[in-house]
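Enquirer: My questions will all concern the structure given below.
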Amino acid sequence: MKKVCIHFFGFRGDEYNSAKKIWGEPDFIHPVHDRRAYLEIDKEHDILIFANNEHPDVLSKYRREYTDLKNATKVPYNAWGYL
0 MKKVCIHFFG
10 FRGDEYNSAK
20 KIWGEPDFIH
30 PVHDRRAYLE
40 IDKEHDILIF
50 ANNEHPDVLS
60 KYRREYTDLK
70 NATKVPYNAW
80 GYL
């Protein structure tokens with residue numbers, strides 16, 4: 000059975016600490032909700048938790064520091080599948 004992973008999006012400071020109290024330690028921490036995050040998400044099993052400033056229906060623009068995104072031309076599945 001696949002392990003369920005917890006993904007935190009955009010959490011900082013007290014928001015992060017509060018989310019940890021509820022959800023436990025996240026398996027992945029994403030600074031923003033962007034296409035790159037979907038390289039690590041299993042849509043069948045994972046849980047996505049969004050901070051107040053991040054929204055599941057808004058993808059942030061590509062971030063230059065993600066060198067591994069150069070190999071991903073498309074999101075592996077519909078990124079909006081969680082809505």
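Numbering (numbering that gives the first Met the number 0), first residue to last: 0 to 82. The beta-carbon is built from N, C-alpha and C at its ideal position, and this holds for glycine as well.
(1) Can you look up Asp26 in the DSSP assignment and give me helix, strand or coil?
(2) Which residues does DSSP list as the beta-bridge partners of Ser59?
(3) Mind checking if His6 is an interface residue toward chain C, Cβ cutoff 9 Å exclusive?
(4) Tell me whether the beta-carbon of Asn51 lies closer than 9 Å to the beta-carbon of Gly23.
(5) Using only the alpha-carbon positions, how far apart do Ala18 and Phe49 sit?
Expert: Taking the geometry as given:
(1) Secondary structure at Asp26: coil, using DSSP grouped into helix, strand and coil.
(2) DSSP output for Ser59 lists Asp33 as bridge partner(s).
(3) Looking for chain C here will not work: only one protein chain is present.
(4) In this structure, Gly23 does not lie closer than 9 Å to Asn51 by Cβ.
(5) 9 Å
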